[in-house]
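Asker: Sharing a structure below in structure tokens format, with a few things to ask.
Protein chains: 2
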Amino acid sequence: MEPKLQALKTRLTEVNDLQMAAALLQWDQSTYMPSGGAGARGRQMATLSRIAHEKFTDAAVGQLLDDLTAYEQSLPFDHDDASLIRVTRREFAKSVKIPSALISEMNQHFAQTYQVWTEARPANDFARVRPLLEKTLELSRRMAECFPGYTHIADPLIDFADAGMKANDVRRVFSELRAELVPLVKAITDQPPADDSCLRQFYPEAKQWAFGEGVIRDYGYDFQRGRQDKTHHPFMTKFGLGDIRITTRFNEDDLGDGLFSTLHESGHAMYEQGITMAYDGLPLANGTSAGVHESQSRLWENIVGRSRGFWEHYYPRLQATFPENLKSVPLDTFYRAINKVQKSLIRVDADEVTYNLHVMIRFDLELALLEGSLAIRDLPEAWHTRYASDLGVTAPDDRDGVLQDVHWYSFNIGGVFQGYTLGNILSGLYYAKALEAHPDIPAQIGRGEFGTLHNWLRENIYQHGAKYTAPELTERVTGGPLRIAPYISYLKTKYGELYGV
Amino acid sequence: MEPKLQALKTRLTEVNDLQMAAALLQWDQSTYMPSGGAGARGRQMATLSRIAHEKFTDAAVGQLLDDLTAYEQSLPFDHDDASLIRVTRREFAKSVKIPSALISEMNQHFAQTYQVWTEARPANDFARVRPLLEKTLELSRRMAECFPGYTHIADPLIDFADAGMKANDVRRVFSELRAELVPLVKAITDQPPADDSCLRQFYPEAKQWAFGEGVIRDYGYDFQRGRQDKTHHPFMTKFGLGDIRITTRFNEDDLGDGLFSTLHESGHAMYEQGITMAYDGLPLANGTSAGVHESQSRLWENIVGRSRGFWEHYYPRLQATFPENLKSVPLDTFYRAINKVQKSLIRVDADEVTYNLHVMIRFDLELALLEGSLAIRDLPEAWHTRYASDLGVTAPDDRDGVLQDVHWYSFNIGGVFQGYTLGNILSGLYYAKALEAHPDIPAQIGRGEFGTLHNWLRENIYQHGAKYTAPELTERVTGGPLRIAPYISYLKTKYGELYGV
Chain A
9 MEPKLQALKT RLTEVNDLQM AAALLQWDQS TYMPSGGAGA RGRQMATLSR
59 IAHEKFTDAA VGQLLDDLTA YEQSLPFDHD DASLIRVTRR EFAKSVKIPS
109 ALISEMNQHF AQTYQVWTEA RPANDFARVR PLLEKTLELS RRMAECFPGY
159 THIADPLIDF ADAGMKANDV RRVFSELRAE LVPLVKAITD QPPADDSCLR
209 QFYPEAKQWA FGEGVIRDYG YDFQRGRQDK THHPFMTKFG LGDIRITTRF
259 NEDDLGDGLF STLHESGHAM YEQGITMAYD GLPLANGTSA GVHESQSRLW
309 ENIVGRSRGF WEHYYPRLQA TFPENLKSVP LDTFYRAINK VQKSLIRVDA
359 DEVTYNLHVM IRFDLELALL EGSLAIRDLP EAWHTRYASD LGVTAPDDRD
409 GVLQDVHWYS FNIGGVFQGY TLGNILSGLY YAKALEAHPD IPAQIGRGEF
459 GTLHNWLREN IYQHGAKYTA PELTERVTGG PLRIAPYISY LKTKYGELYG
509 V
Chain G
9 MEPKLQALKT RLTEVNDLQM AAALLQWDQS TYMPSGGAGA RGRQMATLSR
59 IAHEKFTDAA VGQLLDDLTA YEQSLPFDHD DASLIRVTRR EFAKSVKIPS
109 ALISEMNQHF AQTYQVWTEA RPANDFARVR PLLEKTLELS RRMAECFPGY
159 THIADPLIDF ADAGMKANDV RRVFSELRAE LVPLVKAITD QPPADDSCLR
209 QFYPEAKQWA FGEGVIRDYG YDFQRGRQDK THHPFMTKFG LGDIRITTRF
259 NEDDLGDGLF STLHESGHAM YEQGITMAYD GLPLANGTSA GVHESQSRLW
309 ENIVGRSRGF WEHYYPRLQA TFPENLKSVP LDTFYRAINK VQKSLIRVDA
359 DEVTYNLHVM IRFDLELALL EGSLAIRDLP EAWHTRYASD LGVTAPDDRD
409 GVLQDVHWYS FNIGGVFQGY TLGNILSGLY YAKALEAHPD IPAQIGRGEF
459 GTLHNWLREN IYQHGAKYTA PELTERVTGG PLRIAPYISY LKTKYGELYG
509 V
């Protein structure tokens, strides 16, 4: 079997090389590319994605997978070779259903749409992106239609990001969660609001950058295998397990923006940096699902980075960095400020408690768009309506409404947002298991020590990459399926203490 | 013929997309890539280059070219379609002789060697790169051997860069040039040396950057279709005609380093930015040869950027930028400093008069290596010997000897250096023609106005891209072949006045 396996790995690595090059084209488009490069860039990304898809879906790959079936079955389930063959077979079965031309068309369209969005958002000009978004919806439907037999048209798209989940599964989990969150939000927002004015002062970008970078170094993000740059919308990307980058953005009038986005993206990046190096270039060298990925970013951003213990250690350093802003602000005031719960307009700036309500709005709108019960032209209004009913707020314009998130303007519609809330739920679930194993973790965080937690995550989650599906991983780590109780318990304990509810 | 031509363009654009992505991988490796990315990066560039080569040398391309012969012959020589078919046919005929595996092997090897060189040079550790360089020489020979029937083994490699020239042609031109340069250098260096101490003070990088960027904006380098970053070794690269970038490096203890490298690379970039946009993605969208390319960089760096008129305009601005360094330094002293002729160690820092002697050393060493009359292990010593005999200087170590230039550590050996001196010769030749057409150009330069010169170059050289070979272009622009007289006359006039010789 050795030569067949080697042949498979060679082909998969070639495909990966093309995908990583496409990722670099995208990173560059978001960070440094001059505007004149946009036209060719979309075409280039489309070409690379199409060739990668053609090479992956080649009949020779199917033949190799068939030839390797007996070898796979002779091995234990979690043997690396068996896992590579199993995971590749699953991706192959999906990919062969999608025409290369559609991949190419989508990538070219997304690159163009992204470019227009970067100008349309500051200009509050939804009309400019509307025809592009209509095309996105059409392409997203065509992608879903490659998988006939679905229950809901969003199912195939959700499956790409969170394999094993269907629209109805997500709805069920979200509805269970909403039943807990709505009364919690009400109880909290019935209290006097926290004062977060200390965050809304002038914080020079260079100092914000240095402080955030210092924290993520302490977390264990490896700058030998990564770097941080600035973009409109923060993200994590990789060009191999030796080069996993994050981006951030800063708001000099709001300390929280840049800092927590840095911590967030470092969580994504540490997950990928922790994957077994031997998987590099192969389909195992990926986070296993959008939800699990998000669990890692939210864990480091919120459970760690917004905890009282964390700030007992870092607040003196932050005060020393920004003495003019913070020297007379007590730790408790600062801690309340960064955990202020409020019904607000912007998802990425939302507190932990209301955040999921933002996600649910997007998820429901995605389903409605795909079903055809909502048209793109009515989307801005539908957005405002849902924000009014769910969060009691109305954006003054589309800039902070339907134009706020990059996702629909750089990817398909559908399967994109559920991962954020699944990730929150999983972050609580996994963290509870880490605490069971190492009850000392919160005390360590209070000393700025993250090694025990980082190692537990590497051991239990990171190293496996895509070897286990999200349900398999969760079963393995927690002994059961995804459940919301530990996350709800985390929220109630933390915010109960903060708001006396 | 329309569908065949369209099919050819589609294929060529696909090949170009892969090449441009490979160029971005390389740019990123030189600018921002963390060290952990190096391993996969070489493989990725190799994969993309190989697939581009496979797609370009596909029999279908040959068939399309055959099918288009009649159409080509029905058109005037300089019709865009005829030129595209002609130039593509020429490149195709060369490319099909090279196995894709060799392309892949070379690219992977170059990426690895480059990475090692970036560490070996500061460490003065030739031994570390020696085995890699031996492999480079072997690969370079194998590349040349793909073209049997050559007179000199370097001929096929020279042909890639400066089509139409053979080793013997270059030798003849170089020998003619050397006969003029050696007595000129002697006459100048018999005079008291210029005082360039005003350049060797502390010049903060940020201010150098801003000043240089201001000049190249004035030149006409378009930052909407380009940008500047920092690298070990400055270069120009492109990812399409809408995205043509330059890199530079700064030395805070020497003003000339960064400034003139910026002007130099901007010349390369303006050439590419001036190519007819309709050629984008096709083989016509390239500078036509190494020599012609270099003529544009040297023209803007030296003939313009080291001229007295230029500094009559810019010196007050430079003094205002660096008052502590320059406010008491007269223009004449500064002008002499930036044109100081001296026998020195570093090619890129060499003055206009001695520069070509540096190139000739490298060219001769390349030929000797390829012929087998010089071994890589003896290269550092051969380098020192030639510098002692030709320039009367000896580097204290290999850092400023054989390790100084990136070329052999990131590309093949052979065909690499002759373009620099051909470029100098052509810069004098073309500039003389521009002056014939517009005698007012020097006066305009003295007012910081570059439009007439830039437009003349765009009209006569830039727009054509690779439509004409270098000999065709030179014939077209100057009415005759390459000749050294105008360049020698430029040097003698300028330096005769400066040194009274």
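In order, the protein sequence lines correspond to chains A and G. All the letters of the first sequence, read from the start, carry residue numbers 9 to 509 under our numbering. All the letters of the second sequence, read from the start, carry residue numbers 9 to 509 under our numbering. Built from N, CA and C at the ideal position, the CB exists for glycine as well. Given the structure is predicted, the values throughout are model-derived calculations rather than measurements.
Quick one: which residues of the region 13–29 of chain G get their C-beta closer than 8 Å to a C-beta of chain A? List them in chain order.
Answerer: The residues in question are T21, E22, D25, L26, M28, A29.
Asker: Check whether the Cβ atoms of G275 of chain G and I453 of chain G sit closer than 8 Å, and answer yes or no.
Answerer: Contact flag unset, no.
Asker: Determine, using beta-carbon pairs with one atom in the region 185–201 of chain A and one in the region 361–368 of chain A, whether at least three such pairs fall under 8 Å.
Answerer: Touching, per the Cβ criterion.
Asker: Between F182 of chain A and the rest of its own chain, which residues show a CB-CB distance below 6 Å, the 5 nearest in sequence each way excluded?
Answerer: Only M368 meet the Cβ criterion.
Asker: Assuming A478 of chain G and D170 of chain G are in contact, meaning their beta carbons sit under 8 Å apart, how far apart are those beta carbons, in whole angstroms?
Answerer: About 6 Å; that satisfies the 8 Å criterion.
Asker: For a cutoff of 8 Å on Cβ pairs, would you count D288 of chain A as touching chain G?
Answerer: Taking Cβ atoms only, chain G reaches closer than 8 Å to D288 of chain A, which makes this a yes.
Asker: Could you tell me whether any Cβ in chain G is nearer than 8 Å to the Cβ of T144 of chain A?
Answerer: For T144 of chain A, the answer is no, since every Cβ of chain G falls outside 8 Å of its Cβ.
Asker: Helix, strand or coil for M9 of chain G? Go by DSSP, reduced to three states.
Answerer: M9 of chain G falls in the coil class under three-state DSSP.
Asker: Taking the continuous alpha helix (DSSP H) assigned at D265 of chain G, which residues delimit it?
Answerer: 263–281 is the extent of the alpha helix (DSSP H) around D265 of chain G.
Asker: So, using beta-carbon positions, are I224 of chain A and T255 of chain A closer together than 8 Å?
Answerer: Cβ distance not < 8 Å, so I224 of chain A and T255 of chain A don't count as in contact.
Asker: Look at S38 of chain A and T284 of chain A and say whether their C-beta atoms are less than 8 Å apart.
Answerer: Not in contact: S38 of chain A and T284 of chain A (Cβ atoms no closer than 8 Å).
Asker: Suppose the cutoff is 8 Å on Cβ atoms and the five residues either side in sequence are ignored; what does the same chain contact list for A286 of chain A look like?
Answerer: Contacts found: D88.
Asker: Where do the ends of the alpha helix (DSSP H) carrying R180 of chain A lie?
Answerer: Counting along the chain, the alpha helix (DSSP H) containing R180 of chain A begins and ends at 175–197.
Asker: Below 8 Å, how does it come out for the region 308–328 of chain G and the region 343–362 of chain G: are there three or more Cβ pairs, yes or no?
Answerer: In short, these stretches touch, since the Cβ pair count reaches three.
Asker: Is P130 of chain A close to chain G, meaning its C-beta is less than 8 Å from at least one C-beta of that chain?
Answerer: Output row for P130 of chain A: interface = no.
Asker: Comparing C-alpha positions only, which one of A:W125, A:V300, A:D265, A:E505 sits nearest to A469 of chain A?
Answerer: The amino acid occupying residue 469 of chain A in the given sequence is Ile; Ala does not appear at that position. The option with the nearest alpha carbon to I469 of chain A is A:V300.
Asker: Looking only at C-alpha atoms, which of G:Q412, G:A298, G:D448 sits nearest to I433 of chain G?
Answerer: Taking only the C-alpha atoms, the option nearest I433 of chain G is G:A298.
Asker: My output table needs one value for K238 of chain A: the three-state DSSP class, helix, strand or coil.
Answerer: It is a strand residue.
Asker: Taking Cβ positions only, does F118 of chain A come closer than 8 Å to chain G?
Answerer: No, because no Cβ of chain G sits closer than 8 Å to the Cβ of F118 of chain A.
Asker: At the 8 Å Cβ level, is M244 of chain G part of the contact set with chain A, yes or no?
Answerer: Not closer than 8 Å to any Cβ of chain A, the Cβ of M244 of chain G fails to qualify, so no.
Asker: For K335 of chain G, count neighbouring C-beta atoms within 10 Å of its own C-beta (all shown protein chains included) and say buried if the count is 16 or more, exposed if not.
Answerer: Flag for K335 of chain G reads exposed.
Asker: List the endpoints of the continuous alpha helix (DSSP H) containing I161 of chain G.
Answerer: Careful: I161 of chain G lies outside any alpha helix (DSSP H) and carries neither H nor E.
Asker: What runs of the alpha helix (DSSP H), each 4 residues or longer, lie entirely inside the region 98–168 of chain A?
Answerer: Counting whole runs of 4 or more residues, the region 98–168 of chain A contains the alpha helix (DSSP H) stretches 108–128, 134–153.
Asker: Find the nearest neighbour of R235 of chain A within the set A:Q281, A:N259, A:Q116, judged by alpha-carbon distance.
Answerer: Among A:Q281, A:N259, A:Q116, the Cα nearest to that of R235 of chain A belongs to A:Q281.
Asker: What would DSSP say about N432 of chain G, mapped onto helix, strand or coil?
Answerer: N432 of chain G falls in the helix class under three-state DSSP.
Asker: With a threshold of 8 Å, are at least 3 pairs of Cβ atoms found where one atom belongs to the region 334–350 of chain A and the other to the region 201–211 of chain A?
Answerer: At 8 Å Cβ cutoff, the stretches touch.
Asker: Can you tell me where the beta strand (DSSP E) with K246 of chain A in it begins and where it stops?
Answerer: Start and end: 244–246.
Asker: What is the DSSP secondary structure of N420 of chain A, counted as helix, strand or coil?
Answerer: DSSP places N420 of chain A in coil when its eight states are reduced to three.
Asker: Just how far apart, CA to CA, sit L141 of chain A and A15 of chain G?
Answerer: Cα to Cα, the separation comes out at about 30 Å.
Asker: Report the option in G:W319, G:R355, G:S303, G:I354 whose CA atom is closest to the CA atom of P338 of chain G.
Answerer: Residue G:W319 is the option with its Cα nearest to P338 of chain G.
Asker: Can you give me the Cβ contacts of A54 of chain A inside the same chain, cut-off strictly under 6 Å, excluding the 5 residues immediately before and after it?
Answerer: Within the same chain, A54 of chain A has close Cβ partners S112, N115, Q116.
Asker: Whole angstroms are fine: how far does the CA of G295 of chain G sit from the CA of G45 of chain A?
Answerer: Computed Cα separation, rounded: 18 Å.
Asker: How many Å lie between E505 of chain G and G436 of chain G at the Cα?
Answerer: Rounded to the nearest angstrom, the two C-alpha atoms are 17 Å apart.
Asker: Please identify the residue among A:F258, A:K194, A:D230 whose C-alpha is closest to the C-alpha of A214 of chain A.
Answerer: Nearest C-alpha to A214 of chain A: A:F258.
Asker: Any residues in the region 38–51 of chain A with a beta carbon nearer than 9 Å to a beta carbon of chain G? Which ones, in chain order?
Answerer: Flagged, chain order: T39, Y40, M41, P42, S43, G44, G45, A46, G47, A48, R49, R51.
Asker: What residues of chain G sit near L292 of chain A, judged by a beta carbon separation below 9 Å?
Answerer: By Cβ distance, chain G contributes nothing, its closest Cβ being about 15 Å from L292 of chain A, past 9 Å.
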